[in-house]
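Asker:
Number of protein chains: 2
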Amino acid sequence: MIKVCVLGVGKVGIHLIHECINNPFVDLIQIYNRSVKGMELFKEMLPCTQSILELKKADLYIIALPDSILPTLDLNHLNGLVVHTSGTVPYASLKAKKRGVLYPPQSFTKEKKISFKQIPLCLETEFSTDYDLLDEFARKLSRVVYKVDQAKRQKLHLAAVFANNFGNRVMGIAYEICQENDLDFSILQPIIQETFLKAQIFPPHVSQTGPALRGDEKTIQKHFSQLKGTDLEVYKILTKSIQEKHGTEL
Amino acid sequence: MIKVCVLGVGKVGIHLIHECINNPFVDLIQIYNRSVKGMELFKEMLPCTQSILELKKADLYIIALPDSILPTLDLNHLNGLVVHTSGTVPYASLKAKKRGVLYPPQSFTKEKKISFKQIPLCLETEFSTDYDLLDEFARKLSRVVYKVDQAKRQKLHLAAVFANNFGNRVMGIAYEICQENDLDFSILQPIIQETFLKAQIFPPHVSQTGPALRGDEKTIQKHFSQLKGTDLEVYKILTKSIQEKHGTEL
Chain A
4 MIKVCVLGVG KVGIHLIHEC INNPFVDLIQ IYNRSVKGME LFKEMLPCTQ SILELKKADL
64 YIIALPDSIL PTLDLNHLNG LVVHTSGTVP YASLKAKKRG VLYPPQSFTK EKKISFKQIP
124 LCLETEFSTD YDLLDEFARK LSRVVYKVDQ AKRQKLHLAA VFANNFGNRV MGIAYEICQE
184 NDLDFSILQP IIQETFLKAQ IFPPHVSQTG PALRGDEKTI QKHFSQLKGT DLEVYKILTK
244 SIQEKHGTEL
Chain B
4 MIKVCVLGVG KVGIHLIHEC INNPFVDLIQ IYNRSVKGME LFKEMLPCTQ SILELKKADL
64 YIIALPDSIL PTLDLNHLNG LVVHTSGTVP YASLKAKKRG VLYPPQSFTK EKKISFKQIP
124 LCLETEFSTD YDLLDEFARK LSRVVYKVDQ AKRQKLHLAA VFANNFGNRV MGIAYEICQE
184 NDLDFSILQP IIQETFLKAQ IFPPHVSQTG PALRGDEKTI QKHFSQLKGT DLEVYKILTK
244 SIQEKHGTEL
């Protein structure tokens, strides 16, 4: 069994720890965090440490700590493979003998469990001799494992920000409009569901609808008059984006 | 059985016609369109007309024509209830004796069938005596029927534009980033699915993640450098929107 240490108990770390604890093919031998906070939950179940120097001998160390922390950790004393989970940081930012990346393009929320089986894992190692171990581990967790280099991983992360972070934010604005007007957000659930179902069947430009696509200037102006501040700016720029993509002139 | 005429064979019209044909509780007696195009498909199945004056006697006339056309139609000779399907236009724009609205906040694509059972239908009539007929019809089609007045319907439509049109567009930008970098868009399907699943469980602000939320200025700057034109503007304004909502300062 692959012996693993997980460093970090944030959103990604917590999900990884739960997955490793429950996965019969993985031996989670220790967790690390800078502060004791967040580790209490696991104290009775497995060894916890706040010291890098006390890390046990493992095959794989997975670092799920903030990007800014990664270059500050000295892990040169470890003989196992050290990987981070960031979409943007190169493995070269890690101070370790054997380095790599295990990037899950997924959005983790503490309140919601998620099965790793469906989460794509994007792998990279500095030395090809380390790749097999990381690949073997990743396939114990997920059905979808990809080899993705630094340049492509950064682009994938950027795309994920648009699809998830920004997709979520525009739904958030919709939610706020409903709240302010005493409308039940659940009325929009079917259209939200249809939006994402279509994105699984067609490229998004095929499913585009609405006043921006139709060049329906009267409706667009009506909407402008109902919005202000940043919501208005968001409306304007996404209308422009749709019209540039689809060739309708304002 | 409620006798119905559908006017218009665009995205909404086509879906309504199919629904009425297949619904055992509705008697679709005629369809109308300004041009013969789009009606050929139904020619053998039911009466089609290009003349408003040739409209048959029905209980309900549903107009699924562009917003700009609605005020130009003279339907004063009809004795049945005349409703449009627009999210923005008031029923008062219709020239008819009995007027109302049947607004489905849903995005219709010709290529994809959809069951009306899950589509919310938002109803309004000028005279309360006409409401029962519209309500009875709507409940033959859908499980979710709401009474929604003009002011609220406009807000709902605005919210739907954010959730669907803009949600779809940011997924479109993600798709384009993948295409340009030879990345399979399917790698993002799990995160897209999770985005919308979460929106069904939590208010969107609870599920917000990403560099904008974390105030991760280094990643944000890296992303800026990888984008240009309108995509960059979309990134900037949605980052600002997230940070204003969540109180992180740029």
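Just so you know, the sequences run in chain order A and B. Reading the first sequence from the start, the letters are residues 4 to 253 in the numbering used here. Reading the second sequence from the start, the letters are residues 4 to 253 in the numbering used here. Glycine is no exception: its CB is placed at the ideal position from the N, C-alpha and C atoms.
(1) DSSP has C181/A in a bridge; who is on the other side?
(2) Once the 5 residues before and after K248/B are set aside, which same chain residues still bring their CB inside 8 Å of it?
(3) With a cut-off of 8 Å, does the C-beta of H21/A fall near any C-beta of chain B?
(4) Can you find a CB in chain B that lies within less than 8 Å of the CB of H18/A?
(5) How is D138/B classed by DSSP in three states: helix, strand or coil?
(6) Tell me whether the beta-carbon of L31/B lies closer than 8 Å to the beta-carbon of I55/B.
(7) Apart from the five residues just before and just after A95/B, which ones in its own chain have a Cβ nearer than 8 Å to its Cβ?
(8) Under the three-state reduction of DSSP, which class applies to L44/B: helix, strand or coil?
(9) Locate the beta strand (DSSP E) running through Y64/B, then write down its first and last residues.
(10) Kindly indicate if chain B contains any beta-carbon less than 8 Å away from that of M48/A.
(11) Below 8 Å on the Cβ atoms is my guess for L186/B versus Y149/B; work out the distance and round it to an integer in Å.
(12) Which one of V7/B, K14/B, K116/B, V29/B has the shortest CA to CA distance from K59/B?
(13) Nearest chain B C-beta to E252/A closer than 8 Å, yes or no?
(14) From P107/B to G41/A, what distance separates their C-alpha atoms?
(15) Within the continuous beta strand (DSSP E) that includes K150/B, where are the two ends?
(16) Quick one: complete beta strand (DSSP E) runs, 3+ long, within the segment 57-99 of chain A?
(17) Buried or exposed for V39/A, going by 16 or more other Cβ atoms inside 10 Å?
(18) Can you name, in chain order, every residue of its own chain whose Cβ lies under 8 Å from the Cβ of K143/B, other than the five neighbours on each side?
(19) Taking only beta-carbon positions, decide if D152/A is within less than 8 Å of chain B.
(20) What in chain B is Cβ-close to F169/A, meaning under 7 Å?
(21) Under 8 Å, Cβ to Cβ, is there at least one residue of chain A near L126/B?
(22) Can you check whether the C-beta of N26/A is within less than 8 Å of a C-beta belonging to chain B?
(23) Is it buried or exposed, L10/A, if we count other Cβ atoms within 10 angstroms and call 16 or more buried?
(24) Among L216/A, K239/A, R172/A, T233/A, which has the Cα closest to the Cα of Q224/A?
(25) Any heavy atom of the ligand FMN closer than 7 Å to the CB of F169/A?
(26) Roughly how many angstroms lie between the CA atoms of K231/A and I204/B, to the nearest whole one?
(27) Taking Cβ positions only, does N79/A come closer than 8 Å to chain B?
(28) Please name the residue in S228/B, L19/B, I245/B, S244/B whose C-alpha comes closest to that of K120/B.
(29) Using a Cβ cut-off of 9 Å, pull out every chain B residue sitting near V237/A, in sequence order please.
(30) Helix or strand or just coil, what does DSSP make of V12/A?
(31) Which residue from D62/B, I24/B, I65/B, Y64/B puts its Cα closest to that of K46/B?
(32) Residue range of the alpha helix (DSSP H) that L161/B falls in?
Answerer: To lay it out plainly:
(1) For the purposes of this step, residue 181/A is identified with residue 178 of the first sequence, where counting begins at 1. DSSP output for C181/A lists no bridge partner at all.
(2) By one-based count along the second sequence, residue 248/B stands at place 245. Within the same chain, K248/B has close Cβ partners H208, Q211.
(3) As a first step, residue 21/A is located in the first sequence; it is residue number 18 there, counting from the start. No, its Cβ sits nowhere closer than 8 Å to a Cβ of chain B.
(4) Locating residue 18/A in the first sequence gives position 15, where the first residue counts as 1. False, the Cβ-Cβ gap to chain B never drops below 8 Å.
(5) Within the second sequence, the letter at position 135 stands for residue 138/B. Helix.
(6) Within the second sequence, residue 31/B is the residue found at index 28, counting from 1. Within the second sequence, residue 55/B is the residue found at index 52, counting from 1. No, Cβ-Cβ distance for L31/B and I55/B is not below 8 Å.
(7) Looking up residue 95/B in the second sequence gives position 92. Excluding sequence positions up to five before and after A95/B, its CB lies within less than 8 Å of the CB of R102, E129, all in the same chain and listed in chain order.
(8) Within the second sequence, numbered from 1, the residue matching residue 44/B stands at position 41. Three-state DSSP puts L44/B in a helix.
(9) What you label residue 64/B is simply residue 61 of the second sequence in a count that begins at 1. 63-66 is the span of the beta strand (DSSP E), which, as asked, contains Y64/B.
(10) On the first sequence, residue 48/A is found 45 positions in, with the first residue counted as 1. No, its Cβ sits nowhere closer than 8 Å to a Cβ of chain B.
(11) The count along the second sequence starts at 1 and reaches residue 186/B at position 183. The count along the second sequence starts at 1 and reaches residue 149/B at position 146. No, L186/B and Y149/B are not in contact; Cβ-Cβ is about 41 Å, not under 8 Å.
(12) Within the second sequence, the letter at position 56 stands for residue 59/B. Nearest option by C-alpha distance: V7/B.
(13) As a working mapping, residue 252/A is identified with position 249 in the first sequence. At E252/A the pLDDT is 43, less than 50, meaning the model places this residue with poor confidence and gives no usable figure here.
(14) Along the second sequence, one-based indexing puts residue 107/B at 104. Along the first sequence, one-based indexing puts residue 41/A at 38. For P107/B and G41/A, the distance between alpha carbons rounds to 46 Å.
(15) Within the second sequence, numbered from 1, the residue matching residue 150/B stands at position 147. That run of the beta strand (DSSP E) goes 148-150.
(16) 63-66, 84-87
(17) Against the first sequence, residue 39/A aligns to sequence position 36. That one is exposed.
(18) Here residue 143/B corresponds to residue number 140 of the second sequence, with the count starting at 1. Contacts found: I5, N26, F28, V29.
(19) Start at 1 with the first residue of the first sequence, and residue 152/A comes out as number 149. Chain B contact via Cβ: absent.
(20) If you number the first sequence from 1, residue 169/A lands on position 166. Ordered by position in chain B, the residues that pass the 7 Å Cβ test against F169/A are V173, L241.
(21) As a first step, residue 126/B is located in the second sequence; it is residue number 123 there, counting from the start. With 8 Å as the cut-off, L126/B does not count as an interface residue toward chain A.
(22) On the first sequence, residue 26/A is found 23 positions in, with the first residue counted as 1. No, no contact with chain B.
(23) By 1-based counting over the first sequence, the position of residue 10/A is 7. When all chains shown are included, L10/A counts as buried.
(24) Taking the first residue of the first sequence as 1, we reach residue 224/A at position 221. Taking only the C-alpha atoms, the option nearest Q224/A is K239/A.
(25) As for the ligand FMN, it is missing from this structure, which has no ligand bound.
(26) As a working mapping, residue 231/A is identified with position 228 in the first sequence. As a working mapping, residue 204/B is identified with position 201 in the second sequence. Between K231/A and I204/B, the C-alpha separation is close to 28 Å.
(27) Walking along the first sequence from the start, residue 79/A turns up at place 76. Answer no: the Cβ-Cβ gap between N79/A and chain B never drops below 8 Å.
(28) For the purposes of this step, residue 120/B is taken as the residue at position 117 of the second sequence. Cα-wise, what sits closest to K120/B is L19/B.
(29) Position 234 of the first sequence, counted from the first residue, corresponds to residue 237/A. Neighbours of V237/A on chain B, chain order: F165, F169, V237, I240, L241, K243, S244.
(30) Start at 1 with the first residue of the first sequence, and residue 12/A comes out as number 9. In the structure shown, V12/A sits in coil (DSSP, three-state: anything other than H, G, I, E or B).
(31) On the second sequence, residue 46/B is found 43 positions in, with the first residue counted as 1. Of the listed residues, the one whose Cα sits closest to K46/B is I24/B.
(32) Along the second sequence, read from residue 1 onward, the residue named residue 161/B stands at position 158. From DSSP, the alpha helix (DSSP H) with L161/B extends over 153-163.
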